[in-house]
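>
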Ligand code: GCU
């Protein structure tokens with residue numbers, strides 16, 4: 002066979018491997034993807050207090066039922082937040098006034114979580130419009146691979162990346178070659194041109210995403226909360242990442258280029274579960290965006306469509322609190338379901354987005370959660386989703402909440418961002 006044919010064959014095999022792995026990631030075998038096989042279930046009652054009293058007003062929701070639901074999620078799902086810190090130290094690592102071809106001011110702000118400069122810390126990468134005449138509304142979200150992957154900018158600091166036990170080296174600087182590799186998910190220029198800021202943090206700065214019994218990242222600050230015998234309601238990594246988002250908001254609140262009262266928290270996938278929990282625990286976030294968050298995020302657990310509670314707790318034992326494992330293959334015993342997580346953001350704006358090929362995340366279950374959170378929005382005279390019928394693909398529905406299901410797979414695309422920008426223009430006024 003000649004070299005040309007060999008290369009064609011190689012490319013074909015490579016393409017098939019990519020396709021296969023994309024399918025297997027999107028739809029692992031042995032799980033239900035058939036709507037007809039979704040079990041019958043009853044959702045826990047959102048508007049009934051624990052003593053049986055119906056919730057009839059916004060003030061009853063705020064004073065009684067909301068704290069109850071929040072406490073249930075803390076106890077049974079995400080776990081308690083890490084303790085608060087006496088103070089944060091911040092340092093401007095860099096500032097460039099003509100980033101993104103002159104469109105943006107780009108800063109890196111280091112936040113130290115202790116008095117030790119080599120202790121746990123995170124870098125917030127912030128873009129704000131160069132043309133802004135005052136503080137701007139801003140999107141804040143964690144990223145998976147490091148701030149340097151957001152833009153192919155040689156000056157962005159390369160983070161240290163921790164590896165799971167057994168993988169060498171345990172800590173290594175990220176590679177130059179990765180710069181800008183995730184730019185497609187973070188259209189900074191488009192966001193800044195629309196008049197918004199964009200702030201992002203590498204999630205591994207807060208807590209590296211593997212199970213080490215809660216020793217590294219910010220967990221190193223609290224030795225009494227480490228180890229296998231930590232309390233069953235102690236927060237896992239999602240609670241830690243959420244805590245990091247709130248600390249970033251502390252910093253943005255004091256920033257002169259960002260309007261800390263108009264911050265949207267955004268996250269994709271496991272980080273969408275995180276943005277929903279951030280919106281629930283920190284009412285300063287004015288808009289909460291869940292992109293393809295699936296099981297443990299926007300999707301209803303009781304549907305057992307795609308990923309299940311048992312699977313997520315087995316493959317990712319560090320994400321939730323230990324109590325959550327009681328509901329492995331036992332979803333109906335959960336005192337909550339995830340429509341209640343979305344309701345915790347009300348009356349603030351919430352956006353849930355799904356992708357057609359992302360069946361693992363259960364698009365219909367994500368939409369239904371938002372729909373069933375509707376009665377809480379109604380208490381505040383806000384309009385939830387008008388119908389529980391799945392909207393057409395690529396046809397966003399925007400009321401006081403937003404939903405879309407777009408063409409394509411589990412990802413963040415410019416279509417997603419275009420909808421978030423349109424919705425934020427209405428809701429982050
Ligand atoms: C896995 C996991 C999901 C998660 C996703 C991600 O697919 O099962 O729950 O949302 O990873 O974060 O990329």
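In this note's numbering, the protein residues as written are 2 to 430. By construction, the Cβ of each residue, glycine as well, lies at the ideal position given by its N, Cα and C atoms. Values in this document were obtained by computation on a predicted structure and should not be read as measured data.
Leaving out the 5 sequence neighbours to the left and right, which residues in its chain are closer than 6 Å to residue 240 when beta-carbon positions are compared?
Translated into the one-based positions of the chain shown, residue 240 becomes position 239. Same-chain partners within the cutoff: 79, 80 and 82.
> Can you tell me whether residue 308 sits near the ligand GCU, meaning its C-beta is under 7 Å from at least one heavy atom of the ligand?
Taking the chain shown and counting its residues from 1, the one referred to as residue 308 is at position 307. Yes.
> Should residue 391 be labelled buried (16 or more other beta-carbon atoms within 10 Å of its own) or exposed?
As a first step, residue 391 must be located in the chain shown, where it is residue number 390. Result: exposed.
> Rounded to a whole number of angstroms, what is the C-alpha to C-alpha distance between residue 280 and residue 346?
Reading the chain shown from its first residue, position 279 is the one you call residue 280. Reading the chain shown from its first residue, position 345 is the one you call residue 346. Rounded to the nearest angstrom, the two C-alpha atoms are 6 Å apart.
> Look up residue 108 in the DSSP assignment and give the residues it is bridged to.
To locate residue 108, count along the chain shown from 1; it is residue 107. DSSP output for residue 108 lists 96 and 127 as bridge partner(s).
> Report all residues from its chain with a CB closer than 8 Å to the CB of residue 219; omit the five preceding and five following residues, and keep chain order.
Within the chain shown, numbered from 1, the residue matching residue 219 stands at position 218. So the list reads 83, 114, 121, 207, 208, 241, 244 and 245, once near-sequence residues are dropped.
> Under the criterion of a Cβ to heavy atom distance below 7 Å, does residue 237 qualify as lining the ligand GCU?
Walking along the chain shown from the start, residue 237 turns up at place 236. Flag unset: Cβ of residue 237 not near the ligand GCU.
> Residue 48 to residue 62, Cα distance in whole Å?
To locate residue 48, count along the chain shown from 1; it is residue 47. To locate residue 62, count along the chain shown from 1; it is residue 61. Cα to Cα, the separation comes out at about 8 Å.
> Can you tell me where the beta strand (DSSP E) with residue 174 in it begins and where it stops?
The residue you call residue 174 lines up with position 173 of the chain shown. Residues 172-174.
> Which class does residue 419 belong to by DSSP, given the choice of helix, strand or coil?
As a working mapping, residue 419 is identified with position 418 in the chain shown. Reduced to three states, the DSSP call for residue 419 is helix.
> For residue 127 and residue 200, which I take to be in contact (beta-carbon distance under 8 Å), what is that distance rounded to the nearest angstrom?
Here residue 127 refers to the residue found at position 126 of the chain shown. Here residue 200 refers to the residue found at position 199 of the chain shown. Between residue 127 and residue 200, the beta carbon gap of about 5 Å places them in contact (Cβ cut-off 8 Å).
> Could you check what DSSP says for residue 150 in three-state terms: helix, strand or coil?
Here residue 150 refers to the residue found at position 149 when the chain shown is read from its first residue. Residue 150 sits in a helix when the DSSP states are folded into three classes.
> Name the two residues that bound the continuous alpha helix (DSSP H) containing residue 204.
To locate residue 204, count along the chain shown from 1; it is residue 203. Run containing residue 204: 204-207, per the alpha helix (DSSP H) assignment.
> Please report how far the alpha carbon of residue 51 lies from the alpha carbon of residue 235, in whole angstroms.
For the purposes of this step, residue 51 is identified with residue 50 of the chain shown, where counting begins at 1. For the purposes of this step, residue 235 is identified with residue 234 of the chain shown, where counting begins at 1. If I take the Cα positions, the gap works out to 23 Å.
> What does a CB cutoff of less than 7 Å around residue 335 pick up in its chain, not counting 5 residues either side in sequence?
Position 334 of the chain shown, counting from 1, holds the residue named residue 335. Excluding residues within five positions, the ones whose Cβ falls inside 7 Å are 77, 302 and 328.
> Per DSSP, residue 350 forms a beta bridge with which residues?
Numbered from its first residue, the chain shown carries residue 350 at position 349. Per DSSP, 288.
> State yes or no: is the beta carbon of residue 423 nearer than 8 Å to at least one beta carbon in chain D?
The chain inventory of the structure shown lacks chain D, comprising one protein chain alone.
> Check whether the Cβ of residue 139 lies closer than 7 Å to any heavy atom of the ligand GCU, and answer yes or no.
Locating residue 139 in the chain shown gives position 138, where the first residue counts as 1. No; taking the cut-off as 7 Å, the Cβ of residue 139 has no heavy atom of the ligand GCU nearer than that.
> Starting from the C-beta of residue 337, find all residues in its chain whose C-beta is less than 8 Å away, skip the five residues before and the five after it, and write them out in chain order.
For the purposes of this step, residue 337 is identified with residue 336 of the chain shown, where counting begins at 1. 45, 70, 73, 74, 77 and 78.
> In its own chain, which residues sit with a C-beta less than 8 Å from the C-beta of residue 184, not counting the 5 before and 5 after it?
Walking along the chain shown from the start, residue 184 turns up at place 183. If we look at residue 184 and ignore the five residues flanking it on each side, its Cβ neighbours are 150, 151, 152 and 153.
> Out of 356, 36 and 330, which has the shortest C-alpha to C-alpha gap to residue 299?
Translated into the one-based positions of the chain shown, residue 299 becomes position 298. Among 356, 36 and 330, the Cα nearest to that of residue 299 belongs to 356.
> Does the beta carbon of residue 296 fall short of 7 Å from some heavy atom of the ligand MG?
With respect to small molecules bound, the structure shown includes the ligand GCU and not the ligand MG.
> Taking 8 Å as the threshold (C-beta atoms), are residue 252 and residue 89 in contact?
Your numbering for residue 89 matches position 88 in the chain shown. Your numbering for residue 252 matches position 251 in the chain shown. It is a contact, given that the beta carbons lie within the stated cut-off.
> Quick one: using the 10 Å Cβ neighbour count with 16 as the cut-off for buried, is residue 255 buried or exposed?
Walking along the chain shown from the start, residue 255 turns up at place 254. So residue 255 ends up on the exposed side.
> In the DSSP assignment, find the beta strand (DSSP E) that holds residue 269 and state where it starts and stops.
On the chain shown, residue 269 is found 268 positions in, with the first residue counted as 1. 259-269 is the span of the beta strand (DSSP E), which, as asked, contains residue 269.
> From 158, 169, 395 and 53, pick the residue whose C-alpha is nearest to that of residue 96; which is it?
Numbered from its first residue, the chain shown carries residue 96 at position 95. That would be 158, whose Cα lies nearest to the Cα of residue 96.
> DSSP three-state label for residue 140, please.
Indexing the chain shown from 1 puts residue 140 at position 139. Residue 140: strand per DSSP, three-state reduction.
> By the 10 Å Cβ neighbour count, where 16 or more other Cβ atoms means buried, how is residue 173 classified, buried or exposed?
Within the chain shown, the letter at position 172 stands for residue 173. With fewer than 16 other Cβ atoms within 10 Å, it is exposed.
> Per DSSP, which one or two residues make a beta bridge with residue 113?
Reading the chain shown from its first residue, position 112 is the one you call residue 113. The partner list for residue 113 (beta bridge, DSSP) reads 90 and 122.
> In this structure, how does DSSP classify residue 199 when only helix, strand and coil are distinguished?
Indexing the chain shown from 1 puts residue 199 at position 198. Note: residue 199 maps to strand in three-state DSSP.
> Measure how close the beta-carbons of residue 193 and residue 101 come, nearest whole angstrom, since I'm counting them as under 8 Å.
Taking the chain shown and counting its residues from 1, one reaches residue 193 at position 192. Taking the chain shown and counting its residues from 1, one reaches residue 101 at position 100. A Cβ-Cβ separation of about 6 Å places residue 193 in contact with residue 101 under the 8 Å criterion.
> Within a Cβ cutoff of 6 Å, which residues of the same chain sit near residue 283, ignoring the five residues on either side of it in sequence?
One-based indexing of the chain shown puts residue 283 at position 282. Within the same chain, residue 283 has close Cβ partners 247.
> Rounded C-beta distance between residue 118 and residue 106? I'm assuming under 8 Å.
What you label residue 118 is simply residue 117 of the chain shown in a count that begins at 1. What you label residue 106 is simply residue 105 of the chain shown in a count that begins at 1. The Cβ separation is near 25 Å, so there is no contact.
> For residue 188, does the count of other Cβ atoms within 10 angstroms reach 16, so buried, or fall short, so exposed?
The residue given as residue 188 occupies position 187 in the chain shown. Classification for residue 188: buried.
> Assuming residue 104 and residue 190 are in contact, meaning their beta carbons sit under 8 Å apart, how far apart are those beta carbons, in whole angstroms?
Numbered from 1 along the chain shown, position 103 holds the residue referred to as residue 104. Numbered from 1 along the chain shown, position 189 holds the residue referred to as residue 190. Right, their Cβ atoms sit about 6 Å apart.
> Are residue 375 and residue 385 closer than 8 Å when you measure CB to CB?
Position 374 of the chain shown, counting from 1, holds the residue named residue 375. Position 384 of the chain shown, counting from 1, holds the residue named residue 385. Contact flag set, yes.
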